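Novice:
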Amino acid sequence: MRYTVAKWLSVVMVFAGALFAADFKPAQSSPEAKRAFDDLGTFYASNTKKPDFAQTLKDLSGADAAKRKSSGAYLLALFKQSFDDETNGRAPVKRSPFFGGGGTNSDARVFRQELAAAFGKDAQGDEALDSVLWLLDEERLASNQAQGLEALKKIKTPKSVEIFRKLLAQPHPVAAVAKGAVEAAAERGLKELAPEIKALCAYYRTSVREAALVAAPKVGVAAVPEYKPEAAFTPWFEGQLQAIASLVAVEIPRDAKWTRFTVQEKDAAKEFSGWLLSVEKDGSTRAVDWFGEEVRLPKLGVKTAPRAIADDAKELLALRNGGSKLETLSRKGMATYQFEPKAVSVPEALVGAWCVKLGDKASAAALLFLRIDQMADDRWLLWMVRDMIGPARLQEMLEAFTYDRDYPKTLALTQHLAKPAFEEFTWQKRAKTLAEQLAKRGDDFGKLALPKPAEWDAMKKNMKRDEQVKFLAERLRLLNCIQMGQPGDVNYADSQTAEANRKANGAGTPVINPYNELRAMTLQPAELPALVPFLADENFMLAFSYWRDFHPKRTLHQVNWAVASVLDEAAKKRISEVGTFSMLDEAGKKQHLDKILEWCKANAGKTRDQLPDELPKQQQGGWRVDAP
Numbered sequence: 075m076r077y078t079v080a081k082w083l084s085v086v087m088v089f090a091g092a093l094f095a096a097d098f099k100p101a102q103s104s105p106e107a108k109r110a111f112d113d114l115g116t117f118y119a120s121n122t123k124k125p126d127f128a129q130t131l132k133d134l135s136g137a138d139a140a141k142r143k144s145s146g147a148y149l150l151a152l153f154k155q156s157f158d159d160e161t162n163g164r165a166p167v168k169r170s171p172f173f174g175g176g177g178t179n180s181d182a183r184v185f186r187q188e189l190a191a192a193f194g195k196d197a198q199g200d201e202a203l204d205s206v207l208w209l210l211d212e213e214r215l216a217s218n219q220a221q222g223l224e225a226l227k228k229i230k231t232p233k234s235v236e237i238f239r240k241l242l243a244q245p246h247p248v249a250a251v252a253k254g255a256v257e258a259a260a261e262r263g264l265k266e267l268a269p270e271i272k273a274l275c276a277y278y279r280t281s282v283r284e285a286a287l288v289a290a291p292k293v294g295v296a297a298v299p300e301y302k303p304e305a306a307f308t309p310w311f312e313g314q315l316q317a318i319a320s321l322v323a324v325e326i327p328r329d330a331k332w333t334r335f336t337v338q339e340k341d342a343a344k345e346f347s348g349w350l351l352s353v354e355k356d357g358s359t360r361a362v363d364w365f366g367e368e369v370r371l372p373k374l375g376v377k378t379a380p381r382a383i384a385d386d387a388k389e390l391l392a393l394r395n396g397g398s399k400l401e402t403l404s405r406k407g408m409a410t411y412q413f414e415p416k417a418v419s420v421p422e423a424l425v426g427a428w429c430v431k432l433g434d435k436a437s438a439a440a441l442l443f444l445r446i447d448q449m450a451d452d453r454w455l456l457w458m459v460r461d462m463i464g465p466a467r468l469q470e471m472l473e474a475f476t477y478d479r480d481y482p483k484t485l486a487l488t489q490h491l492a493k494p495a496f497e498e499f500t501w502q503k504r505a506k507t508l509a510e511q512l513a514k515r516g517d518d519f520g521k522l523a524l525p526k527p528a529e530w531d532a533m534k535k536n537m538k539r540d541e542q543v544k545f546l547a548e549r550l551r552l553l554n555c556i557q558m559g560q561p562g563d564v565n566y567a568d569s570q571t572a573e574a575n576r577k578a579n580g581a582g583t584p585v586i587n588p589y590n591e592l593r594a595m596t597l598q599p600a601e602l603p604a605l606v607p608f609l610a611d612e613n614f615m616l617a618f619s620y621w622r623d624f625h626p627k628r629t630l631h632q633v634n635w636a637v638a639s640v641l642d643e644a645a646k647k648r649i650s651e652v653g654t655f656s657m658l659d660e661a662g663k664k665q666h667l668d669k670i671l672e673w674c675k676a677n678a679g680k681t682r683d684q685l686p687d688e689l690p691k692q693q694q695g696g697w698r699v700d701a702p
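If you read the sequence shown in this note's numbering, its first letter stands for residue 75, the second for the next number, and so on.
1. Cα separation between ALA290 and ALA417?
2. Under a Cβ-count criterion, where at least 16 other Cβ atoms within 10 Å of its own Cβ denotes burial, should ALA95 be classed as buried or exposed?
3. Report, in whole angstroms, the separation of the C-beta atoms of TYR277 and ALA286, which I expect to be a contact under 8 Å.
4. Once you ignore the five residues that flank VAL376 on each side, which residues in its own chain have a CB closer than 8 Å to its CB?
5. Just list the residues that DSSP pairs ALA361 with in beta bridges.
6. Identify which residue in ALA296, GLY662, THR596, GLY294 has its Cα closest to the Cα of ARG539.
7. Which residue marks the beginning of the alpha helix (DSSP H) containing SER217, and which one marks its end?
8. Compute the distance between the beta-carbons of LEU321 and ALA486, then report whether it is under 7 Å.
9. Please name the residue in LEU524, SER619, GLN598 whose C-alpha comes closest to that of MET558.
10. Within its chain, find whatever has a CB closer than 6 Å to the CB of ASP133; leave out the 5 residues flanking it on each side and keep chain order.
11. Output the distance between the C-alpha atoms of ILE229 and TRP310, rounded to the nearest integer angstrom.
12. Does DSSP put PHE335 in a helix, a strand or coil?
13. Go ahead and label ARG164 buried or exposed: buried means 16 or more other beta carbons lie within 10 angstroms of its beta carbon, across all protein chains shown.
14. I need the straight-line Cα distance from ALA139 to TYR148, nearest angstrom please.
15. Exposed or buried, what is ASN121 when buried is set at 16 or more other beta-carbons lying within 10 Å of its beta-carbon?
16. Would you tell me roughly how many angstroms separate the C-alpha atoms of PRO588 and MET449, rounded to the nearest one?
17. According to DSSP, which residues form a beta bridge with THR378?
18. What residue range does the beta strand (DSSP E) around ASN632 cover?
19. Here's the rule I'm using: 16 or more other beta-carbon atoms within 10 Å means buried, otherwise exposed. How should ARG186 be labelled?
20. Using a Cβ-Cβ cutoff of less than 8 Å, which residues in the same chain neighbour PRO686 once the five nearest sequence positions on both sides are dropped?
21. With a CB to CB cut of under 6 Å and the five nearest residues on each side skipped, what residues in its chain are close to GLU401?
22. Restricting to Cα atoms, I'd like to know which of SER217, GLU261, ALA216 is closest to PHE238.
23. Which residues share a DSSP beta bridge with ALA343?
24. Put THR571 into one of helix, strand or coil per three-state DSSP.
25. Can the beta-carbon of VAL295 be found closer than 7 Å to that of LYS272?
26. Once you ignore the five residues that flank THR583 on each side, which residues in its own chain have a CB closer than 8 Å to its CB?
27. Would you tell me roughly how many angstroms separate the C-alpha atoms of ASP19 and ASP451, rounded to the nearest one?
28. Grab me the residues of VAL425's own chain with a C-beta within less than 7 Å of its C-beta, minus the 5 sequence neighbours each way, in chain order.
29. For THR280, which option in ALA297, GLN542, ALA250 has the closest C-alpha, if you only look at C-alpha atoms?
30. Once you ignore the five residues that flank PHE173 on each side, which residues in its own chain have a CB closer than 6 Å to its CB?
31. Please list, in chain order, all residues of the same chain as PRO269 whose beta carbon is under 7 Å from its beta carbon, the five residues on each side excluded.
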């Protein structure tokens, strides 16, 4: 049985919040924030004693002004803290019992949903408005945002009217909130909001437009504007479409022509539409298809013909209305379609965005407005497309880094994933981190290289043991391991070559594997202090793993994962806890390393054989070799 770092990390991360709770801090600096932080911490630990928000909601409508103010601050702190805890590892995440199911809801999210529901039902007074605004502006769960509106409806003060104006002037992206704001304005007869209601009578989202038509006479709108889909695009929505177009990595020239391509393959001709970018000197054709992918077509067997993008918009609309073969709108057919949202596809979104760019708003409206009506939140259009295009660019980036060792191309792709349109894409932060690392790794495979086996044998004869450890650990970032099957993982013990994997093609120049060499040294407790500092080395190695190539999740491995493997094997116990190391601040990391060094000092007089065996059997002999 093989025990991989990926499996090991999944086990360690479950206990991350409990092990390092002291290193988390309140989301705000106030007595109420500290109280919310502590109360939620108690709840996460026991899962029984929840913060008493029911009493707090009662206090919002009480006669004591100071208590109302404090209650409002406490509720806001609960919302903010639980929102942070959902992603920072502090709140436990429920695990799916099914293979590949991963995490489900966290305790923080479940609690916040309960709090939002109670808040929407019982919150009153101006002291609740800060929480209302937070729910409307910051919360990402559409159901919770709707609860913010429910609370707002019951707060009939001048401040609440201004919030309604804000919700209608630039309609809230959550359909239920925008529609509810229109209905509430009509119910309260807020004639001062008549201009906003009138404008929404021609809005692109059906539910909001219909609500505005009903509300218009109730707020004094005598004549409503005619709804014309091609004129319904707002500046905000056009901005969303521009962001969607920017997700395509290849720059499309202004003079590029929308074209129909026919490629003759062995058994049949394949047709697709896209942008004709250029015809190269060798006669091949560069194009971008409606998935946003750059394709290169051979000189022979390819025909091109002019094509109106409106024709492809109609083709996509007919396919959607037919309700079948929608998997053809996914990059790898059913393989990727099963993991993608069903409300919109990449071709629909890109063709719609490109139609607007070309001035054909009528085709874009016909293609996109019905898609928007299927979403609870207008922003989902961009977010969904981002999360469908992102994995393809991520895979391209990882292959350039690990298969080709092409740092310039890798850097270009990290910069693409760093664009504002990819904000909150799960890999954006790591792409930015990789870019920062590459800027400091100009010596990789140059001055900093892996020696050939014979060269290393000669070198280490003149090096002390601690010098050998440092030399090898410094070169762990060069470890280049490729996952060979799926499902599977990478193996840090793989043989290494001086050339990049694709270039070597299985027949490169052999060089040492620093991970194997470190393990072969059979380090003793007294020798481990030379290796411990490298537990702080979070450089990415040239190794990534995945469950299936059509699933979007990827894991890019770090130097300190390999270091932890060697350390724990030598100590015969898990002393590294690298799964939680990255969550610590600098002081916490130093404290963690100092604790390991103390263990090394305390056991310096022992040999490895004299240490008690505290590792589970499947981890013995190293995490990436077969257990005996």
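Backbone N, C-alpha and C define an ideal beta-carbon position, used for all residues, glycine too. Fair warning: this is a prediction, and the values are worked out from it, not measured in the lab.
Specialist: Taking the definition as stated:
1. 30 Å
2. Low confidence applies to ALA95: its pLDDT is 37, below 50, so where it sits in the model is not reliable enough to give any reading.
3. For TYR277 against ALA286, the beta-carbon gap comes to about 7 Å, under 8 Å, which counts as contact.
4. PHE335, THR336, VAL337, GLN338, THR359.
5. LEU350, VAL369
6. THR596
7. 216 to 228
8. no
9. SER619
10. Excluding sequence neighbours, ASP133 sits near LYS141, SER145.
11. 28 Å
12. strand
13. buried
14. 14 Å
15. Looking at its Cβ environment, which holds fewer than 16 other Cβ atoms inside 10 Å, ASN121 is exposed.
16. 51 Å
17. PHE335
18. For clarity, residue 632 is Gln in the given sequence; the question names Asn instead. From DSSP, the beta strand (DSSP E) with GLN632 extends over 629 to 632.
19. By the neighbour-count rule (16 or more Cβ atoms within 10 Å), ARG186 is buried.
20. Listed in chain order, the non-local C-beta contacts of PRO686 below 8 Å within the same chain comprise LYS646, LYS647, local neighbours out to five positions each way being set aside.
21. GLY407, MET408, TYR411
22. GLU261
23. In the DSSP output, where bridge partners are listed per residue, ALA343 has GLN338.
24. strand
25. yes
26. Closer than 8 Å at the Cβ level, and outside the excluded window around THR583, lie LYS526, THR571, ALA572, GLU573.
27. Past the boundaries of the shown model lies residue 19; the chain is included only from 75 to 702, so the question cannot be answered.
28. Contacts found: TRP364, ILE383, ASP386, ALA387, LEU390, LEU441.
29. ALA250
30. Its pLDDT being 40, under 50, PHE173 is placed unreliably in this model, and the value from its coordinates should be taken loosely. Here the set comprises nothing.
31. none
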